[in-house]
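**Q**
Residue numbers (full-length UniProt numbering): 1 to 1082.
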């Protein structure tokens, strides 16, 4: 056998049986000791690195960092163990180790074998041997600990670990010198014989180096033909063939990333040369012990520290600056900036067991997490399902279209973590033309037969730490995320889009269910909440003295405890088509997963309950699951209402005082929530419930706002501040707590912003402004239209000024960091130089945008119904200080004449303008103006194609639109839309021009069937291809209704962009018609 194969075989064997540990005291030095040590390639020979006296005061975790090959060191010992817990201890000199030993003693009592390493700074003859030492006063505590816990000394007594103590000499061979980095301690190496789980290096493809032509050619030769699927076996076969074809094509066209254990970024040959020079001078001084050689060695050691520091700094700055000009890389750096205080999880600490104690073995930790994430739910009461008579379902029997597949692919993020088959969305998007027909047939076959292929039921469950948890031995400090196979997720996304359309079209869910639905956001939920609170406050102002109280419910493991039979029953009861329900039932059954820890991947586990977190289907399915809870707890006779945001439920009650409200909430909980939990197998977590009594500041002394809620087995104490949907509520809605939290969060993000640039280095100015607006400003002004209420009146002016000052301070600090200006530079000057709006203007802009967005949404109907309750009970005017944020915003805009017409006349938008299966017209937008002219000239030379021109014009503050077919005499339409400063825009005129072009085709019925509509507006073209909830929905609906009529006449329609005012005769002609319509229209 060749020598390198023998070495590799020996290395792999040792990796399975040997655990190597190196411990090193780096004496609180970063550049001189710690950085070179961690960058040393020999570190890859060890599985665990234990550092004492590190440079930064942070907790260092042990992790598997490379393959283990035994190397001799200061001490090398073999222990035959199967499980070992490693404890790294550092006790500062002359410090009392009592508290440290108390904690260590508790951990040593846990089952398994333990290895204690560290620098105790405690001297005793038991481990000093014959060397003369001064015995430390606290050394007896360490002796007592060793005796009580049956610890044995592995080092031979007298072996030196500190190399600059008088009288101590150590003979170091070359292997030990490789780990020397000018510390005053020797590195200590220990090897254990253990049975380690096999660590498989994850495979990762280098997608940017993929040979696209080779991939497409290979896939074209291997991909199965699209065909109708009539049996489940055919579905399984097509799935396996498609996945195999993609995997084989990737294998031959995309190189894999090669992980080199010797790679140390930034540690180049210059660093190695400086290290070698310093080591050579140190060895010379140790031989001679002359002062001259000591000074030379000291100078070299200091130079090494300065050189390493400079290299680290320049390497980091180069890493930051390479993001310039690359948008994707810029946001990766920004994501690092946002999360740099939360280091990447490199191992899973010991986890608490059910019976007490901690578990360290990776296999058992995976078992514990599986039982925690997928517990057996309480037995659900399913008696009401038997012999249930379902109402007729909604009548929707449409196959998936290729356009739906393309849209689902477009929504899929690029290079997201793949599922078990290792296929990301990138290779699917590269070969979209080859794969779309196959995925379409697969999706239609699955839904028609009500079957989900076994390949898509397998998943990875990634274990993620919840941020800002104090103890990560607790199971509740972790959450699971399912990594599903990408092709399956595309089909799930298509089905979720269909279900969302049916929900909005046929109103299958309660209106107060806000989350997980189109045109609904946390802002909408908070506006409903504040409207309901202010409704109660209006009655207080009239003297009726009711009070509003809110109970915030929490459901343990909401997604993981979903009972499949109950979910399918709810889907059928609310009217989903039976074939879709059967497919969802198959999607949920017989799922398998593997728990993925940083250090271990488990075997397959079966999952019989729950819906996978990470699937596009999961949010909309859970809305159906808890819709009954939202409906049942809203009882008009009890003055109760609900707000649902996916798995978050809020119950609001209005009563004469907090005590009465608590009695009402208790009744609702026992009569509605508890029966619901029994029927649906869900478990409430009363210890996580929150209660708040909302009272205006001027009436706080009249109510007992500390009245508790006594539920069966638990008492909920009211709180003065609650975080709900990302905003901190207080009982008087002053929002002071939220402003304080905004300042704290923004300060943390600003500290990260300084990592991206300095006055002479870093990311470019424009890129930094993007990062500030996209991360810092977006975080600081989240839902600002709810908590920022300007000109609120007497008593609130000081709070408003304080809020503005805090936000301005945040922006000034960010602007100073971005520009590199002096600290005393005026904030207004920085705003001008960086083209940033003043904070008050920024808030006003966002409030105005929110007002238009909320009034146009379906949620505004709920708000109007709440207001009707006030009008129905009283005609008294409400005190301005008690207005809800939305009412205050509307009245202020009308008083200042920012809106020239009633708000109710704003365009009301719908979540779905067109059905998901609607096929849009083909569009084309040339990359530049000259190219559009060239393409236009080629088209008009083809006598088989009929060119049609449209335009919208804003002329003399009036808006007109026109469409014309130059080849047909008199085929021209013109329309006047109104004043440009009123309700209409040029964009709406462009859309209306496209509508008139379609109407001209139906009116004149030209003989040429290939039609190209030319328009000079990008936004209008994109809106006709992907109509959502943009402005001009009323015109888009007419286009969507007219287009099928045109297609039924045999016409093929394409919409193209043509450069405006570029000498194109047809475009100039229709522009003149549009201006004429604007000028002379009525």
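Each residue gets a CB set at the ideal place from its N, CA and C atoms; glycine is no exception. Keep in mind the model is a prediction, meaning the values are calculated, not measured.
Mark residue 342 as exposed unless 16 or more other C-beta atoms lie within 10 angstroms of its C-beta, in which case mark it buried.
**A** Flag for residue 342 reads exposed.
**Q** Within a Cβ cutoff of 6 Å, which residues of the same chain sit near residue 302, ignoring the five residues on either side of it in sequence?
**A** Closer than 6 Å at the Cβ level, and outside the excluded window around residue 302, lies no residue.
**Q** Let me make sure I understand the geometry here. Which of 1053, 641, 1075 has the alpha-carbon closest to that of residue 980?
**A** Among 1053, 641, 1075, the Cα nearest to that of residue 980 is on 1075.
**Q** Rank 402, 233, 393 by C-alpha distance to the C-alpha of residue 455 and give the top, closest one.
**A** Of the listed residues, the one whose Cα sits closest to residue 455 is 233.
**Q** Pick helix, strand or coil for residue 18, following the three-state DSSP scheme.
**A** Looking at residue 18 - three-state DSSP - the assignment turns out to be strand.
**Q** State buried or exposed for residue 409, treating a residue as buried only when at least 16 other CB atoms are found within 10 Å of its CB.
**A** With 16 or more Cβ atoms within 10 Å of its Cβ, residue 409 is classed as buried.
**Q** Considering Cα atoms alone, identify which of 546, 565, 458, 275 is closest to residue 383.
**A** Out of 546, 565, 458, 275, 565 has the C-alpha closest to the C-alpha of residue 383.
**Q** Among residues of its own chain, excluding the 5 on either side of residue 746, which ones have a beta-carbon nearer than 7 Å to its beta-carbon?
**A** Here the set comprises 776, 779, 780, 810.
**Q** Are residue 452 and residue 605 touching if we call contact CB-CB under 9 Å?
**A** Contact flag unset, no.
**Q** Counting C-beta neighbours from all protein chains within 10 Å, is the total for residue 1020 16 or more, i.e. buried, or is it exposed?
**A** Its Cβ being crowded by 16 or more others within 10 Å, residue 1020 is buried.
**Q** Helix, strand or coil: which one does DSSP assign to residue 303?
**A** Residue 303 falls in the helix class under three-state DSSP.
**Q** Using a 10 Å radius around the Cβ and a threshold of 16 neighbouring Cβ atoms, would you call residue 1079 buried or exposed?
**A** Label assigned to residue 1079: exposed.
**Q** Report yes if the C-beta distance between residue 657 and residue 703 is below 9 Å; otherwise report no.
**A** Contact: yes.
**Q** So for residue 415, helix, strand or coil by DSSP?
**A** Note: residue 415 maps to coil in three-state DSSP.
**Q** Run through DSSP, which three-state label would residue 117 get?
**A** Here residue 117 sits in strand by DSSP.
**Q** Considering only the alpha carbon of each residue, which of 88, 136, 351 lies closest to residue 111?
**A** Among 88, 136, 351, the Cα nearest to that of residue 111 belongs to 351.
**Q** Between residue 644 and residue 514, is the Cβ-Cβ spacing less than 9 Å?
**A** Yes, these two residues count as a Cβ contact at 9 Å.
**Q** How many Å lie between residue 636 and residue 653 at the Cα?
**A** Spanning the two alpha carbons is a distance of roughly 10 Å.
**Q** Going by DSSP in three states, residue 519 sits in which element: helix, strand or coil?
**A** Three-state result, residue 519: coil.
**Q** In three-state terms, what does DSSP make of residue 690?
**A** Three-state result, residue 690: strand.
**Q** May I have the straight-line CA-CA distance separating residue 255 from residue 425, to the nearest angstrom?
**A** Computed Cα separation, rounded: 17 Å.
**Q** With which residues is residue 718 paired in a DSSP beta bridge?
**A** Residue 718 pairs with 691.
**Q** Are at least three pairs of beta-carbons, each pair with one atom in the stretch 121 to 129 and one in the stretch 87 to 100, less than 8 Å apart?
**A** The stretch 121 to 129 is in contact with the stretch 87 to 100.
**Q** Whole angstroms is fine: what's the gap from residue 25's alpha carbon to residue 462's?
**A** Their Cα atoms are separated by approximately 35 Å.
**Q** According to the neighbour-count rule (16 or more other Cβ atoms, all chains shown, within 10 Å of its Cβ), is residue 785 buried or exposed?
**A** Buried, by the Cβ-count rule.
**Q** Okay, do the stretch 472 to 492 and the stretch 606 to 626 touch, 3+ Cβ pairs below 8 Å being the bar?
**A** With the cut-off at 8 Å, the stretch 472 to 492 and the stretch 606 to 626 touch.
**Q** Are residue 416 and residue 486 closer than 9 Å when you measure CB to CB?
**A** For residue 416 and residue 486, yes; Cβs fall inside 9 Å.
**Q** Rounding to the nearest angstrom, what Cα-Cα distance links residue 327 and residue 595 in this structure?
**A** Cα-Cα distance, rounded: 34 Å.
**Q** First and last residue of the alpha helix (DSSP H) that includes residue 367?
**A** Note, residue 367: alpha helix (DSSP H), 362 to 373.
**Q** For residue 460, which residues does DSSP report across the bridge?
**A** The partner list for residue 460 (beta bridge, DSSP) reads 483, 594.
**Q** For the putative contact between residue 151 and residue 188, defined by C-beta atoms under 8 Å, what is the C-beta separation to the nearest angstrom?
**A** Rounded, the Cβ-Cβ distance is 16 Å, inconsistent with contact.
**Q** Please go through the same chain and pick out, in chain order, the residues whose beta-carbon is closer than 6 Å to the beta-carbon of residue 789, but skip the five residues on each side of it.
**A** Closer than 6 Å at the Cβ level, and outside the excluded window around residue 789, lie 885, 888.
**Q** Please determine if the stretch 939 to 949 and the stretch 1008 to 1023 are in contact, where contact requires at least 3 C-beta pairs separated by less than 8 Å.
**A** The stretch 939 to 949 vs the stretch 1008 to 1023: in contact.
**Q** From what residue to what residue does the alpha helix (DSSP H) around residue 630 run?
**A** Here the alpha helix (DSSP H) through residue 630 covers 627 to 632.
**Q** Below 8 Å on the Cβ atoms is my contact criterion, and I expect residue 162 with residue 96 to pass it. Report the Cβ-Cβ distance as a whole number of Å.
**A** With 8 Å as the limit, residue 162 and residue 96 do not qualify as a contact, their Cβ atoms being about 21 Å apart.
**Q** Kindly list the residues whose CB is nearer than 7 Å to the CB of residue 742, restricted to its own chain and excluding five residues on each side of it in sequence; keep chain order.
**A** Only 780 meet the Cβ criterion.
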